[in-house]
Amino acid sequence: MTIREIAGRGDLWGEGPSPDKETLYRLLEENYCLERAPFGREQSRWFVTDKAVEGGYGQTVDPSNTHSFVLSGPKKAFPFPVFYEDKVRDVIWTLDWDAILDHLGTLGTKKERLAWLIAQHSYLPNKAMAHLSGRGIATVERRRREEAQNDG
Numbered sequence: 014m015t016i017r018e019i020a021g022r023g024d025l026w027g028e029g030p031s032p033d034k035e036t037l038y039r040l041l042e043e044n045y046c047l048e049r050a051p052f053g054r055e056q057s058r059w060f061v062t063d064k065a066v067e068g069g070y071g072q073t074v075d076p077s078n079t080h081s082f083v084l085s086g087p088k089k090a091f092p093f094p095v096f097y098e099d100k101v102r103d104v105i106w107t108l109d110w111d112a113i114l115d116h117l118g119t120l121g122t123k124k125e126r127l128a129w130l131i132a133q134h135s136y137l138p139n140k141a142m143a144h145l146s147g148r149g150i151a152t153v154e155r156r157r158r159e160e161a162q163n164d165g
C-alpha cells in the first residue's frame, strides 16, 4: 500500500481523526520506517528504511521496472515507498497515533494541547498541530518561532 492509500483508509486508524498524507510521512520518519535521501543532483525521495525492509514491512519500488536512475536519469526513475498490506496495521501500531490522540483528550485547553504537541511531537507539520490542538496555523507557526528563540 502506498502512503496515500494508508492515509486515506480511515478504517485503519480507529476512532478519532486519521493523519493526512504529510503527517503520515512525518510519523513514519520519526518512527524509523521512512527516510529521506538524496536522489539525483537536486532531488530527494522517501525510501523505506533498511530496518523496515528487514522486518518485512515494506520496500521502495520503481513501478516502471524498466528505468534505472543510472541509465535513465532521475526524471524517468521514480522510486517510492510501499508497505505490505498484511503488515500495515503493525506499522500503524508503532506510530502511536492513538496514544497521541488519547493524551490530547486529557488536556483541557487548546493552549495546553499545542504546548504539549510542540514539546513532545515537534516533527508533526503545522497543519496537523493546528488541527489536533484546535489552534490556527498562524498560532502554531508563532509558537514554534518562540520555542526556537527560547532554545537558541
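Going by my numbering, 50 is the number at position 37 of the sequence shown; the sequence numbering is gapless.
Heads up, the beta-carbon is just placed ideally off N, CA and C, and yes, glycines get one too.
What is the residue span of the alpha helix (DSSP H) that residue i lies within?
i, result
"residue 147", "Neither: residue 147 is in no alpha helix (DSSP H) and is coded neither H nor E."
"residue 21", "16 to 21"
"residue 39", "34 to 43"
"residue 28", "Segment: none, residue 28 is in no alpha helix (DSSP H) and carries neither H nor E."
Suppose you measure from the CA of residue i to the CA of residue j; what does that come to, to the nearest Å?
i, j, result
"residue 146", "residue 14", "29 Å"
"residue 115", "residue 35", "21 Å"
"residue 70", "residue 22", "18 Å"
"residue 109", "residue 46", "13 Å"
"residue 24", "residue 51", "34 Å"
"residue 92", "residue 53", "12 Å"
"residue 125", "residue 32", "20 Å"
"residue 2", "residue 66", "Here the chain comprises residues numbered 14 to 165, so residue 2 is not present and cannot be evaluated."
"residue 68", "residue 41", "15 Å"
Can you tell me whether DSSP reads residue i as helix, strand or coil?
i, result
"residue 121", "coil"
"residue 162", "helix"
"residue 56", "coil"
Looking at the secondary structure, which residues open and close the beta strand (DSSP E) in which residue i lies?
i, result
"residue 106", "Residue 106 -> not in any beta strand (DSSP E); alpha helix (DSSP H) instead, spanning 101 to 108."
"residue 67", "Premise fails: residue 67 lies in the alpha helix (DSSP H), 63 to 67, not in any beta strand (DSSP E)."
"residue 48", "47 to 51"
"residue 96", "93 to 96"
Assuming contact is defined by CB atoms lying nearer than 7 Å, are residue i and residue j in contact in what I supplied?
i, j, result
"residue 17", "residue 137", "no"
"residue 139", "residue 131", "no"
"residue 148", "residue 127", "yes"
"residue 19", "residue 153", "no"
"residue 103", "residue 27", "no"
Worksheet item: Per the contact definition of three or more C-beta pairs closer than 8 Å, is the region 95 to 110 in contact with the region 54 to 74?
Response: yes
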